[in-house]
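Participant: Count along the sequence shown from 1, then add 4; that gives the number in our numbering.
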Amino acid sequence: MKTDILIVGGGLSGLALAYQLEQAGKDYIVIESRARLGGRIHAHIHDQDQSKQYYDLGPSWFWDGQRRMAKLIDDLNLSTFMQYAQGELCYEDEQGNVQKGQGYASMAGSYRIKGGIIQLIDSIREKLPTSKCLSDHTALSFEQNETGITTTIKDKHQHTISIHSEKVVLALPPRVAAETLSYNPALSAKTIKAMQAIPTWMAGHAKVIATYAKPFWRTANLSGDAMSRLGPMVEIHDASPQEGGPYALFGFVGVPPHIRQQHPDELLKATRAQLTRLFGEEANHPIDVVLQDWAFEKETATDLDHQPLNHHPRYGLTAPLQNLWDGRLLLGSTETASDFGGYLEGALEAAEQVLAKL
Ligand SMILES: Cc1cc2nc3c(=O)[nH]c(=O)nc-3n(C[C@H](O)[C@H](O)[C@H](O)COP(=O)(O)OP(=O)(O)OC[C@H]3O[C@@H](n4cnc5c(N)ncnc54)[C@H](O)[C@@H]3O)c2cc1C
5 MKTDILIVGG GLSGLALAYQ LEQAGKDYIV IESRARLGGR IHAHIHDQDQ
55 SKQYYDLGPS WFWDGQRRMA KLIDDLNLST FMQYAQGELC YEDEQGNVQK
105 GQGYASMAGS YRIKGGIIQL IDSIREKLPT SKCLSDHTAL SFEQNETGIT
155 TTIKDKHQHT ISIHSEKVVL ALPPRVAAET LSYNPALSAK TIKAMQAIPT
205 WMAGHAKVIA TYAKPFWRTA NLSGDAMSRL GPMVEIHDAS PQEGGPYALF
255 GFVGVPPHIR QQHPDELLKA TRAQLTRLFG EEANHPIDVV LQDWAFEKET
305 ATDLDHQPLN HHPRYGLTAP LQNLWDGRLL LGSTETASDF GGYLEGALEA
355 AEQVLAKL
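(1) Could you tell me if the beta carbon of ALA175 falls within a distance shorter than 7 Å of some heavy atom in ligand 1?
(2) Which of helix, strand or coil does DSSP assign to LYS302?
(3) So is TYR58 buried or exposed if we call it buried at 16+ other beta carbons inside 10 Å?
(4) Could you say which of GLY208, SER17 and GLU26 lies nearest to HIS262 if we only look at CA atoms?
(5) Taking C-beta to C-beta, are VAL180 and GLU303 nearer than 8 Å?
(6) Decide if the segment 67-74 is in contact with the segment 46-56; the criterion is three or more beta carbon pairs, one per stretch, under 8 Å apart.
(7) Using the rule of at least 16 other Cβ atoms within 10 Å of the residue's Cβ for burial, across every protein chain shown, is GLN87 buried or exposed?
(8) My output table needs one value for ALA181: the three-state DSSP class, helix, strand or coil.
(9) Shortest alpha-carbon distance to PRO245 belongs to which of GLN27, GLN123 and PHE300?
(10) Quick check: the segment 90-106 against the segment 128-142, are at least 3 beta-carbon pairs closer than 8 Å?
(11) Give the list of continuous beta strand (DSSP E) stretches no shorter than 3 residues that lie fully inside the segment 90-176.
(12) Please list the terminal residues of the continuous beta strand (DSSP E) segment that includes LYS6.
(13) Tell me whether ALA413 sits in a helix, a strand or coil according to DSSP, three-state version.
(14) So, at 6 Å on beta carbons, what are the nonlocal neighbours of GLN296 in its own chain, with the 5 sequence-adjacent residues on each side left out?
(15) Is there contact here, the segment 177-196 with the segment 258-275, by at least three beta-carbon pairs under 8 Å?
(16) Take the Cβ of SER127 as the centre, count every other Cβ of all protein chains shown within 10 Å, and call the residue buried at 16 or more, exposed below.
(17) Using a threshold of 8 Å, state whether the C-beta atoms of ALA354 and GLY336 are closer than that.
(18) I need the boundaries of the beta strand (DSSP E) containing HIS48, first residue and last residue.
(19) State the beta-bridge partners of THR215 as determined by DSSP.
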């Protein structure tokens, strides 16, 4: 197979780039390793009586000042709503004592997308020809030759195929690109080291979502926000759809990745007990409780991402990451964006940066 531009990674950055190339009438193919598109954007779906509700397992929010997100949402005709923020916040101390009225929802003012962030992915996918967007296709290696780059790929039947392209865009976390892919000629040690040094934003995290028939916390004048020093969840928010139920609470898990991995059932049991301590007996009767642990998804995280981050890293392309293979090999995930690196807005910024270079 041949194409001008091969995009490796069907997350928001890869798909946003594909969308722009499609609009410009350019020749490209996107390959995505997972069976689903979206990468760190993913949803738990409730399908009842043919009506679907979506619960964000990855990102939930975007914010004022993120102009690329606002424009894309507008272009795709999606609707937004504000994070639920009415009522009081709960605080749980180290002993499990719960205090209510400790301030207000910490994510007030954040925007969500009706139908979940996954609507961005589904809507872009609808605008791309299926022949140009191949899921279940994993890049394994790249070889530079006189006319471009030959990428070796494994499909879901374990068949090996090759795609020759003038350029390759690595729209996947730089750490994953450094640790799981091979390059001939080899990238310099300086470049590999620089790629490994870039933490993949939120890759070490796990999220729990509990869905309920009724939003009992709202009725009790609670926003659904909670901060806990006992855990297992350290930060909890309302994750309900804009309209109707099931309603939901989600929490970021504060337990280290290796312990989560060893005790997933105990973890789910403990999150339910915690929700009950915070929000009362009704919280003990969820429709379901789902754990999404990003730290053990090999397309997202490497072992390096199991170390907690204490601050938002400074992202962007440092010198060893620029002009690889005479400019034919480009990095393009959110981690490469100069201003909004790490965020959804950064994924769109990265696509814009790559487009300018193509
Ligand atoms: C729990 C969590 C919460 C978050 N919350 C927010 C939030 O509220 N707001 C916000 O702005 N951001 C948030 N983020 C960050 C946001 O999700 C990312 O900025 C964005 O989704 C990154 O998109 P991307 O396309 O750059 O990378 P990714 O989504 O990681 O996409 C990379 C793609 O490459 C694919 N891939 C990997 N290896 C290969 C291979 N060998 N061959 C082919 N394909 C491959 C992967 O499967 C994946 O689909 C959150 C992230 C997480 C995990």
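Where a beta carbon is used, it is the ideal one built from N, C-alpha and C, also for glycine.
Facilitator: Let's see:
(1) yes
(2) coil
(3) buried
(4) GLY208
(5) yes
(6) no
(7) buried
(8) helix
(9) GLN123
(10) no
(11) 92-96, 102-108, 115-117, 142-149, 152-158 and 164-174
(12) 6-12
(13) Residue 413 cannot be examined here, being either before or after the span of the chain that is shown, 5 to 362.
(14) LEU61 and LYS211
(15) no
(16) buried
(17) yes
(18) 47-52
(19) ALA252 and ASP292
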